[in-house]
């Protein structure tokens, strides 16, 4: 009997373990909903109505809460709209993305926040086991800039014992429209800023999307703010269930004018993911290019360039060993651009006929350092208004980003004149730019350097002029390689042109004709360059004279023998 009882206990233990939650924060499932906001009262007040960049450490939860595979019994609250698991937290305005700072945090509205005069920061434990909820409530807070003094921000972070769910609940909010402090970070951070699960929107908090970078944010102003009753729930996946479908397809659904060298990328939609099955083709359901290839990464680089003016379909199916394939995975599609090859010269590109940050048709960017930034157009700081091409700095990584022209059909018999203008954003932050040519739109193929400047400090545009003769006739690309050190500033390129260079003689200038004694006319002009020597007398035909001083005087009246 004892043996049977031991077996039963072991069976129960293993059953519990099988359904335990083990998930990194990027695997947490997300649900957004609008309901009723319930304010808490009677809890413990943290600090005063003068709270500003305050930390409240080692607060007992009252139950054990599992977050990012670790059990916690304490949290630490930061007035800037977030809390950290464990006994300590560090002040941050960028709690999810900052390279340094506190890990394992949850942020409902992270920015530099402070209490209004009637503000209050409170926590409360409610409910009974196993359904207890630990709530931290920010009531009547505001963003710190003086222009945000009339903000009224109220929200909660709730930690639920049941299911180890993290819930953000938003109360009645009023936000000012200001030129600064327009965004807040919302979401989860795990063991580093590389493990994140955040939300992004520029127009509607009820329709946020999963952030594709750790610095993704939600905009907040007089028209865009979380409505009262909005909740964001982040829940670790239950063991033995399939993952959610992938999200954030790039290229986006129904995107057009996609470069033929594009990669396919996506983000996890939540749940435990062991891998992805990729389907890709010109048929639908897609199978004729890639048919269920298993991948562990979230980026696919096609083996060869795609075709121009073609519709492509693709589907990503996440899976795990316990739950199987994700269900209801959508089929996405995009259309490649028409052939943008430049066959006629001169070709001019001022980046002004697109809406920033889009690049002109046929131009492309390579984010070789895989940071959050790539070349794009920017509406401002232009050589020719309104746009310029711009690449921005990373605080932690050296710039390694390429801006590529469309394919250029060049003739090896011709020399081409290439011009462009460039500038830095500040003399105090020198930028580095090199220009290469190559026969394919890849960093590896762009090997022929035709320009370099590793100390760009001019803040007014400076023009570069390069003569280039291709070694072979055919398709060529010009690549602008930004390679400034980390934590510089912005680098701009504008007013690009390429034309065939032909030998030509400049005309003389300052032509004058002066009458002399009503009998002669003196013609004078200024030579366009150095005065050439006169030809040898043997090369002058009889009856012609040489005027090395470029001055002629002759009789305007000539007697002609018409009967001769």
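Residue numbers (my numbering): 2 to 565.
Just so you know, even glycine gets a beta-carbon here, dropped at the ideal spot from N, CA and C.
What you are looking at is a predicted structure, and each value in this text was computed from that prediction instead of being measured.
Alpha carbon of residue i to alpha carbon of residue j, nearest angstrom
i	j	result
residue 93	residue 169	19 Å
residue 149	residue 281	49 Å
residue 224	residue 171	16 Å
residue 500	residue 464	15 Å
residue 146	residue 53	12 Å
residue 46	residue 254	48 Å
residue 567	residue 39	Residue 567 lies beyond the residue range present for the chain, which begins at 2 and ends at 565; the question has no answer from this structure.
residue 140	residue 408	57 Å
residue 30	residue 114	28 Å
residue 270	residue 321	13 Å
residue 478	residue 289	30 Å
residue 72	residue 240	17 Å
residue 623	residue 318	The chain is shown only over 2 to 565; residue 623 falls outside these bounds and no answer can be derived.
residue 448	residue 314	34 Å
residue 525	residue 518	17 Å
residue 331	residue 198	21 Å
residue 22	residue 292	Because the pLDDT of residue 22 is 43, which lies under 50, any placement of that residue in the model is unreliable, and the number read from its coordinates should be weighed accordingly. About 32 Å.
residue 473	residue 439	11 Å
residue 364	residue 342	10 Å
residue 468	residue 455	20 Å
residue 475	residue 415	12 Å
residue 229	residue 394	37 Å
residue 567	residue 488	Residue 567 cannot be examined here, being either before or after the span of the chain that is shown, 2 to 565.
residue 252	residue 453	33 Å
residue 232	residue 338	40 Å
residue 461	residue 427	10 Å
Whole-number beta carbon distance between residue j and residue i, since they are thought to touch under 8 Å
i	j	result
residue 192	residue 69	7 Å
residue 175	residue 152	7 Å
residue 336	residue 259	7 Å
residue 380	residue 371	So it is not a contact: roughly 26 Å between Cβ atoms.
residue 74	residue 65	6 Å
residue 162	residue 117	Contact flag wrong, Cβ pair sits at about 32 Å.
residue 417	residue 502	6 Å
residue 207	residue 201	That belief does not hold up - the Cβ atoms of residue 207 and residue 201 are roughly 13 Å apart, past 8 Å.
Per-residue DSSP class, three states only, for residue i
i	result
residue 35	strand
residue 207	helix
residue 26	helix
residue 56	strand
residue 165	helix
residue 47	coil
residue 400	coil
residue 477	strand
residue 348	strand
residue 388	strand
residue 84	strand
residue 490	coil
residue 68	strand
residue 78	strand
residue 498	strand
residue 632	Beyond the ends of the chain as shown, which are 2 and 565, falls residue 632; an answer cannot be given.
residue 394	coil
residue 406	coil
residue 484	coil
residue 187	strand
Test item: CB-CB of residue i and residue j under 8 Å
i	j	result
residue 63	residue 126	yes
residue 154	residue 142	yes
residue 238	residue 28	yes
residue 352	residue 358	no
residue 404	residue 480	yes
residue 245	residue 212	no
residue 138	residue 41	yes
residue 390	residue 493	yes
residue 386	residue 375	no
residue 215	residue 194	yes
residue 58	residue 89	yes
residue 109	residue 158	yes
residue 105	residue 130	no
residue 264	residue 442	no
residue 458	residue 431	yes
residue 382	residue 433	no
residue 369	residue 402	yes
residue 306	residue 25	no
Below-8 Å beta-carbon distance, residue i vs any chain B residue
i	result
residue 88	Absence of chain B from the displayed structure is noted, only one protein chain being present.
Near the ligand NAP: residue i beta-carbon under 7 Å from a heavy atom
i	result
residue 39	The ligand NAP is absent from the structure shown, which contains no ligand whatsoever.
- Where in the stretch 237-316 do unbroken runs of the alpha helix (DSSP H), each at least 4 residues long, occur, reported from the N-terminal end onward? Runs of the alpha helix (DSSP H) inside the stretch 237-316: none found.
- Item | Every unbroken beta strand (DSSP E) within the stretch 132-163, with a cutoff of 3 residues, ordered by chain | DSSP runs (the beta strand (DSSP E)) wholly in the stretch 132-163: 134-144 and 154-161.
- Message: Restricting to runs no shorter than 3 residues, where is the beta strand (DSSP E) found entirely within the stretch 408-436?
- Response: Counting only runs of at least 3 residues, the stretch 408-436 fully encloses the following beta strand (DSSP E) elements, listed from N- to C-terminal order: 409-411 and 416-425.
- beta strand (DSSP E) runs wholly inside the stretch 101-135, at least 3 long, in chain order: The stretch 101-135 contains these whole beta strand (DSSP E) runs: 106-111 and 114-127.
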